[in-house]
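This report refers to the structure that appears directly beneath it.
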Amino acid sequence: MPNPPTHATTAEVTAIDTQARGPLLLLLGSGLVWLVVSGVLALLTSIQLHAPQFLADCPQLTHGRAQALRETAFVYGWLANAGLGLALWILARLGGRPLRGLNWVVAGSLFWNAGVALGLVGIAIGDMTSFGLLQMPRYVQPLLVFAYACMGVSGVLAWSGRREDAMYASQWYAVAAIFLFPWLLIAAQAVLLWMPVRGVVQPIAATWFAQGVWALWLAPLALAVVYYIVPKISGRIIPVYEWASLGFWTLLFIGSWSGGRHLVGGPVPAWIPTMAVVAQSMMLFHYLIILLNLRAIWGVGGTTAAFIRFGFVAYLVFGVAEFIASFRGVAAHTHFTLFNAAIEQLGLYGAISMIFFGGIYFAVPRLTGLAWASASLISGHRWLVLAGVVISIAALGIAGGAQGEGLLDPKVSFPDMFGRMSTPLLINTAAQAVLLSANLLLLVNFLRSACPWTRTAEPTPTLFRAATEEAHAS
Amino acid sequence: MSTPSQPDPRADTAAVSDETLMASHAKLLGQQPDEKGRYRLMPLNLLFIFSGMIFFGGTYLGRFSGYFSPSVFNEYSTGTAVVAAAPLDPVAVGKKLYAIPGGCITCHQPNGAGLPGAFPPLANSEWVTGSEERLIRIALHGLQGPIKVAGADYNSAMPGFGQGSGFNWSDDKIAAVLTYIRQEWGNKAGPIAVDKVTAVRTKEGARSAAWTAADLEKLP
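What follows is the structure, given as structure tokens:
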């Protein structure tokens, strides 16, 4: 396969970046703030698992609410902001034109963050709903839809007004995520919050939504980032790129069918979990295509590549783990245990977040026009977050295994079971503390890099040339 | 492509521009498969893998889907189990049939006492608690003309309720309503079996004319 000519001398900071600097840095920055908030909450909930009396007297932070707060801050605060920021940036760059509707992005971002903050307050005072990933109270949900639509406008304009007719895989994934999430959110709100369906249809709709958040929103956002950055930093054409569309369509068509596996053993007709198991096995095809396409990340040096590589591997491992855990025989051991929390940590932290970290490390220098402020903060974040993610996944997995065995064995009493789980849970708390400190380092580094007045003292060692129109000449 | 040996961790350089990235990948997709010298096999291996997955999925669905029935909750169900209908209580069924407007209740009244001088009672009636043969025939085909019930004389007409009549009740229904009246209002006679009704109806064939008391008294 021929390699394209490299244009390493092309100016890397274009008018597209300078013009979108403020709004996109706002999105990425607010994402990082929420990441730290959710890190604090993750630490609290992890402590509560081995010390149940911790904060038990504080009704706003009992385990159920703290868990919902953590999840909401993580998904709607961190992943949504960072993912949209990166998706808009990629759409603009691949579209070849500066972003339009940037005021909408700023307004949407402010409304979105206000909505998430209001939602967290609502959860804390007890207005949360009972549906996973849709726990913010009913009254903030329309605001979220509105805010997301505002931010999405810019992405849709960047896509529809692109210079080249041809589309690259990153654009498919980013546009799919921008279009599908509002539809998913509105549909789920309608059938779960505004005109609730009754009985067992409720959990079916709720698991459909939760699976859709992964398969139709977060995974496409992450894949948009990976598909953009891998050829960008490796300089290689994506291997067997002509199969990429097969991976895209399997994710979109089959991905959201597998939500029913969480209802195995529940009061739903047998075909719903069975269909989910089958869908999960068909999804292996998607993961196979991703493996073939994005293996070009191997052997590339640098911070971005390290994060993307980790996220890429975690994404594939997540696919296989979900497939295995969806079978009824396995689910009998893992269902309702912390093993599911380990898989969630693998998917949302190990895969999606690590990919977003890589995207942020790549995008921020281009948006600011300057290199990151501190190399030691980067390396500190990199090693701490790696250690934290790996250890927390392993600890939760081991605790889940012990929990599953204990729950199935009638001879093991509850205190005995928790006794066996306490060591891995303590280790998980340590890992959450490590993750929190890692993300604080990233936030500090981001603030130092993004605020121009903090950079005046140093001899701005930018690697990039100033914005030119050079990139437009082709 | 050319990764620096000592990359600055603070800013990863890009190896290709966005334009090159777009153009080189668009070229791949735009390439005609039968372009001379560039022929690329259909990804047969992918096709095999995907077919294998579909085969697995289809087999798994066939085995564990419970025939997509909304009422099958056990994935090991083979779908052949027939839900047994709960047996009906003939007295309860008969009570409902008795109360159908225009039916028994109109003449014989809710308390089974009839109307003195016009319609005979069912309560404490020797015709009801006595011969099953006669009672079944009355219900099937009707009755007209003079009749003596519980010591009083009556002369009116009752329609038939059996198959072919205006009511067209099945043997089940006839048996149920007769069983009901034979144990209600102080009556203490045994139930009427469905088989017995069927036997009588078969024996009488296509009879549609109402019975008279005189005819019935010839029967056992």
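Protein sequence lines, in the order shown, are assigned to chains A and B. Under the numbering used here, think of the first position of the first sequence as 508, with each following residue one higher. Under the numbering used here, think of the first position of the second sequence as 248, with each following residue one higher. Cβ atoms here follow ideal geometry from the backbone N, Cα and C, with glycine treated the same way.
Pick out whichever of L700/A, F653/A, S616/A, G603/A has its Cα sitting closest to the Cα of E671/A. For the purposes of this step, residue 671/A is identified with residue 164 of the first sequence, where counting begins at 1. Minimum Cα distance to E671/A is reached at G603/A.
Do you know offhand how far L795/A's Cα is from Y822/A's? In the first sequence, counting from the first residue as 1, residue 795/A sits at position 288. In the first sequence, counting from the first residue as 1, residue 822/A sits at position 315. Going by the C-alpha atoms only, they are around 11 Å apart.
Checking contacts by CB at 8 Å: is H272/B closer than that to chain A? Position 25 of the second sequence, counted from the first residue, corresponds to residue 272/B. Contact with chain A is found for H272/B, since one of that chain's Cβ atoms lies less than 8 Å from the residue's Cβ.
Of all the options A717/A, V896/A, I905/A, which has the alpha carbon lying nearest to the alpha carbon of V941/A? Sequence index remark: in the first sequence, residue 941/A carries index 434 (1-based). Closest in C-alpha terms to V941/A, from the list A717/A, V896/A, I905/A, comes V896/A.
The ligand MN heavy atoms versus the CB of G662/A: any closer than 7 Å? Among the components modelled here there is no ligand, and therefore nothing to report on the ligand MN.
Could you tell me whether the region 875-891 of chain A touches the region 925-934 of chain A, using the rule of 3 or more Cβ pairs below 8 Å? No, the region 875-891 of chain A is not in contact with the region 925-934 of chain A.
Please report the distance separating the alpha-carbon of Q356/B from that of L362/B. Reading the second sequence from its first residue, position 109 is the one you call residue 356/B. Reading the second sequence from its first residue, position 115 is the one you call residue 362/B. In a straight line, the C-alpha of Q356/B is about 8 Å away from that of L362/B.
Output yes if chain A places a C-beta closer than 8 Å to the C-beta of N292/B; else output no. To locate residue 292/B, count along the second sequence from 1; it is residue 45. For N292/B, no CB of chain A lies under 8 Å from its own CB, so it is not counted at the interface with that chain.
Could you tell me whether the Cβ of K739/A comes closer than 8 Å to any Cβ of chain B? If you number the first sequence from 1, residue 739/A lands on position 232. Chain B, which has a Cβ nearer than 8 Å to the Cβ of K739/A, makes this yes.
How far does the beta strand (DSSP E) with Y401/B in it reach, from first residue to last? Taking the second sequence and counting its residues from 1, one reaches residue 401/B at position 154. The continuous beta strand (DSSP E) containing Y401/B extends over residues 399-406.
Roughly how far, in whole angstroms, is the beta-carbon of Y748/A from the beta-carbon of L294/B, given that I think they are within contact range, below 8 Å? Position 241 of the first sequence holds residue 748/A. Position 47 of the second sequence holds residue 294/B. With 8 Å as the limit, Y748/A and L294/B do not qualify as a contact, their Cβ atoms being about 18 Å apart.
Own chain residues within Cβ distance below 7 Å of C958/A, not counting five before or after: As a first step, residue 958/A is located in the first sequence; it is residue number 451 there, counting from the start. Scanning its chain for C-beta atoms nearer than 7 Å, with the 5 sequence neighbours on each side dropped, one finds no residue around C958/A.
Listed by chain order, chain A residues near G350/B by CB distance under 9 Å: Your numbering for residue 350/B matches position 103 in the second sequence. The premise fails here: G350/B is roughly 39 Å from chain A at the closest Cβ pair, so nothing lies under 9 Å.
Are the CB atoms of G629/A and P644/A nearer to each other than 8 Å? As a position in the first sequence, residue 629/A is number 122, starting the count at 1. As a position in the first sequence, residue 644/A is number 137, starting the count at 1. Yes, these two residues count as a Cβ contact at 8 Å.
Whole-Å CB distance - T988/A paired with D259/B, under 8 Å assumed: Nothing in the structure corresponds to residue 988/A, since chain A is present only between 508 and 981.
Which first and last residues belong to the beta strand (DSSP E) in which G389/B is found? Locating residue 389/B in the second sequence gives position 142, where the first residue counts as 1. Its beta strand (DSSP E) spans residues 389-396.
Please state the DSSP three-state secondary structure of W374/B. What you label residue 374/B is simply residue 127 of the second sequence in a count that begins at 1. Correct three-state label for W374/B: helix.
Coil, strand or helix - H979/A by DSSP: Residue 979/A sits at position 472 when you count from the first residue of the first sequence. Residue placement at H979/A cannot be trusted, given a pLDDT of 39 that sits under 50; what the coordinates show is reported in the next sentence. Collapsing the DSSP output to three states places H979/A in a helix.
Could you check whether the Cβ of G809/A sits closer than 8 Å to any Cβ belonging to chain B? Position 302 of the first sequence, counted from the start, is the residue given in the question as residue 809/A. The beta carbon of G809/A falls within 8 Å of a beta carbon belonging to chain B, placing the residue at that interface.
I need the DSSP call for L466/B, collapsed to helix, strand or coil. In the second sequence, residue 466/B corresponds to position 219, counting from 1. In this structure, L466/B counts as coil in the three-state DSSP scheme.
Is the Cβ of W778/A closer than 8 Å to any Cβ of chain B? What you label residue 778/A is simply residue 271 of the first sequence in a count that begins at 1. Yes - at least one Cβ of chain B is within 8 Å of the one on W778/A.
Taking the continuous alpha helix (DSSP H) assigned at P727/A, which residues delimit it? Against the first sequence, residue 727/A aligns to sequence position 220. According to the DSSP assignment, P727/A belongs to the alpha helix (DSSP H) that extends over 726-741.
Of the choices A681/A, Y735/A, F843/A, whose alpha-carbon is the least far from that of G773/A? Mapped onto the first sequence, residue 773/A falls at position 266. Measuring from the Cα of G773/A, the nearest candidate turns out to be F843/A.
With DSSP collapsed to three states, give me the class of W458/B. The residue labelled residue 458/B in the question sits at position 211 within the second sequence. Here W458/B sits in strand by DSSP.
In this structure, how does DSSP classify P511/A when only helix, strand and coil are distinguished? For the purposes of this step, residue 511/A is taken as residue 4 along the first sequence, with counting starting at 1. Here P511/A scores only 40 on pLDDT, less than 50, and its place in the model should not be relied on; the value that follows carries that caveat. Three-state result, P511/A: coil.
Using a Cβ-Cβ cut-off of less than 7 Å, give me the residues of the region 404-434 of chain B that come near chain A, in sequence order. Legend: CB atoms of the region 404-434 of chain B lying less than 7 Å from CB atoms of chain A are not found in any residue.
Short of 9 Å Cβ to Cβ, which residues in the region 303-320 of chain B face chain A? Residues passing the 9 Å Cβ filter: F303, G304, G305, Y307, L308, R310, F311, S312, G313, Y314, F315, S316, P317, S318, V319, F320.
Chain-order list of residues whose beta-carbon lies under 8 Å from that of P511/A (same chain, five-residue window excluded): Walking along the first sequence from the start, residue 511/A turns up at place 4. The predicted model places P511/A with a pLDDT of 40, which falls under 50 and marks its position as unreliable, so this point remains unresolved.
Output the distance between the C-alpha atoms of A812/A and G865/A, rounded to the nearest integer angstrom. Locating residue 812/A in the first sequence gives position 305, where the first residue counts as 1. Locating residue 865/A in the first sequence gives position 358, where the first residue counts as 1. A812/A and G865/A have their C-alpha atoms spaced approximately 7 Å apart.
Short of 9 Å Cβ to Cβ, which residues in the region 334-359 of chain B face chain A? Those would be none; no residue qualifies.
With DSSP as the reference, label F814/A as helix, strand or coil. In the first sequence, counting from the first residue as 1, residue 814/A sits at position 307. Here F814/A sits in helix by DSSP.
Here's the rule: buried if 16 or more other CB atoms are within 10 angstroms of the residue's CB, otherwise exposed. What is N952/A? Residue mapping note: residue 952/A aligns to position 445 of the first sequence, counting from 1. Looking at its Cβ environment, which holds 16 or more other Cβ atoms inside 10 Å, N952/A is buried.
How would you list, in chain order, the residues of chain B whose beta-carbon sits under 9 Å from the beta-carbon of S886/A? As a working note, residue 886/A is residue 379 in the first sequence. Going along chain B in sequence order, the residues near S886/A (Cβ under 9 Å) are P256.
Output, in chain order, the set of chain B residues within a Cβ distance shorter than 7 Å of L601/A. Numbered from 1 along the first sequence, position 94 holds the residue referred to as residue 601/A. Under the 7 Å cutoff, chain B gives D265, M269.
Contacting positions in the region 670-695 of chain A - beta carbon closer than 7 Å to chain C: The question asks about chain C, but that chain is absent: this structure's protein chains are A and B.
Alpha helix (DSSP H) segment containing D419/B, residue limits: Along the second sequence, read from residue 1 onward, the residue named residue 419/B stands at position 172. Its alpha helix (DSSP H) spans residues 418-430.
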